[in-house]
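In full-length UniProt numbering, the protein residues as written are 1 to 172.
Comments concern the structure below.
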């Protein structure tokens, strides 16, 4: 049976976590991007623009993150852009792509879905998130994982809709 998009995204995130720690803040995520030969730049972007990734043939990927956004927002955005990178390069084998992520975008396709699922699993592993929320609540989970409360709520909603496998739920 072929894995669904969300299953592939979550599995790829677990593989990335297994290769090295994400850690708090942004440094671990920048290191992950660099392992995939992507540069990361924090730049002043339009307020409604969270970040984007560009990959042209013959060039390394470049990720841009809005320097004016909160660290929690930057953290999720960077993980999301890494999700695009991994989806295009390791799943699709594509070497020419770009994705622009707006804060209130009405454009939501399978690429965005993959990147969100990847970022959610990378930053908030299912089993650990569920245990943290049950024991301490959503706010404490947001603080512990370095993300926003809305990011925790979205992740929990996705996990309710597509529950993690027993292995993933126990893998933290």
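Every residue, glycine too, gets a C-beta built ideally from N, C-alpha and C.
task = Within 10 angstroms of the Cβ of residue 136, are there 16 or more other Cβ atoms? Answer buried if so, exposed if not.
result = The count along the chain shown starts at 1 and reaches residue 136 at position 136. Classification of residue 136: exposed, given that the 10 Å Cβ count is below 16.
ask   = Between residue 143 and residue 76, what straight-line distance do the alpha-carbon atoms span, to the nearest angstrom?
value = Taking the first residue of the chain shown as 1, we reach residue 143 at position 143. Taking the first residue of the chain shown as 1, we reach residue 76 at position 76. When rounded, the distance between both Cα atoms is 13 Å.
request  = Inspect the beta-carbon positions of residue 41 and residue 64 and report whether they are closer than 7 Å.
outcome  = Here residue 41 refers to the residue found at position 41 when the chain shown is read from its first residue. Here residue 64 refers to the residue found at position 64 when the chain shown is read from its first residue. It is a contact, given that the beta carbons lie within the stated cut-off.
query = In chain order, what residues of the same chain lie with their CB nearer than 6 Å to the CB of residue 81, ignoring the 5 residues before and after it?
reply = Counting from one through the chain shown, the residue named residue 81 turns up at place 81. Taken in chain order, the residues that qualify are 51, 53, 63.
inquiry  = The beta strand (DSSP E) that contains residue 41, what's its start and end?
reply    = Taking the first residue of the chain shown as position 1, residue 41 is located at position 41. Looking at the DSSP string, the run of the beta strand (DSSP E) that includes residue 41 is 39–43.
key: Alpha-carbon spacing of residue 110 relative to residue 138, whole angstroms   = The residue given as residue 110 occupies position 110 in the chain shown. The residue given as residue 138 occupies position 138 in the chain shown. Cα to Cα, residue 110 sits roughly 27 Å from residue 138.
key: Beta-carbon proximity of residue 148 to residue 72, cut-off 7 Å   = Locating residue 148 in the chain shown gives position 148, counting from the first residue. Locating residue 72 in the chain shown gives position 72, counting from the first residue. Their beta carbons are under 7 Å apart, which means residue 148 touches residue 72 by this criterion.
query = So the alpha helix (DSSP H) residue 29 belongs to, where does it begin and stop?
reply = The residue given as residue 29 occupies position 29 in the chain shown. Residues 27–35.
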